[in-house]
Every structure is written in structure tokens, then in C-alpha cells.
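Undergrad: If you use this note's numbering, the sequence shown corresponds to residues 6 to 102, in order. Note that the Cβ used here is the ideal one computed from N, Cα and C, for glycine as well. Can you keep this structure in mind? I'll have questions shortly.
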Amino acid sequence: MRVVDVASRKDISLEDSHGKMHYGIRQSSLETVLPRLEKSRVMIVRGKHKGLTATMEEKDKRRCLVVARLLRSNEIVTVDFDDVCQHQSREEDDDDY
């Protein structure tokens with residue numbers, strides 16, 4: 006599933022792998038996915054850096070934290086697992102949303 010639009014926490018539009026659109030999805034129904042490999046691209050989805058893309062430098066499973074390097078500024082930030090997700094960009098997408 007790919008997030009296409011977020012009108013509000015109660016109205017999110019998703020596109021599945023077959024191109025079918027799903028509308029009116031609640032944020033509470035969604036779960037973020039973390040990449041398995043370090044150096045994978047992620048997106049910050051909550052907090053001060055919301056909407057920025059980064060590279061996952063380290064994943065601390067014991068403390069549920071990700072250390073990420075922001076692509077825009079090269080700044081290193083530490084975020085909770087729930088505040089970051091795997092990012093599969095399309096060529097036409099910008100680095101930041």
C-alpha cells in the first residue's frame with residue numbers, strides 16, 4: 006500500500022499494488038513499516054521533521070529507535086519507530102513533502 010493523500014487523520018487515501026484506490030482510511034488503522042537494511046530511505050511521519058526523507062543509519066530494536074540522516078541537511082536525528090517509515094520514492098517525487 007502507498008499513501009496517496011492525507012486529508013485528515015480520519016481521511017487517508019491509499020493505493021494498493023494493483024493500482025486500486027482505497028479512500029477514507031483512518032490513521033489509527035495504519036502501521037508504519039521499517040526497512041530491514043541500514044542505509045535504506047525512510048520518511049519521518051511525525052514530529053519536528055515530519056515529511057522529510059532520510060537515510061536509516063541505525064535501528065535499535067531494544068529501545069525502538071531509529072538513527073536517521075536527513076537528506077536535506079545531512080543532520081543526524083533519533084526518532085521512535087512509530088515516527089518513521091520505509092520510503093519508496095517515485096522518480097517524480099520530491100525529497101521532501
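Locate the beta strand (DSSP E) running through Thr2, then write down its first and last residues.
TA: Absent from the model: residue 2. The displayed extent of the chain is 6 to 102, so no value can be given.
Undergrad: Find the nearest neighbour of Cys69 within the set Leu76, Gly24 and Asp85, judged by alpha-carbon distance.
TA: Asp85
Undergrad: Which residues does DSSP list as the beta-bridge partners of Met26?
TA: Glu20
Undergrad: Who are the Cβ neighbours of Asp65 in its own chain at under 8 Å, not counting the five residues just before and after it?
TA: Val71 and Val72
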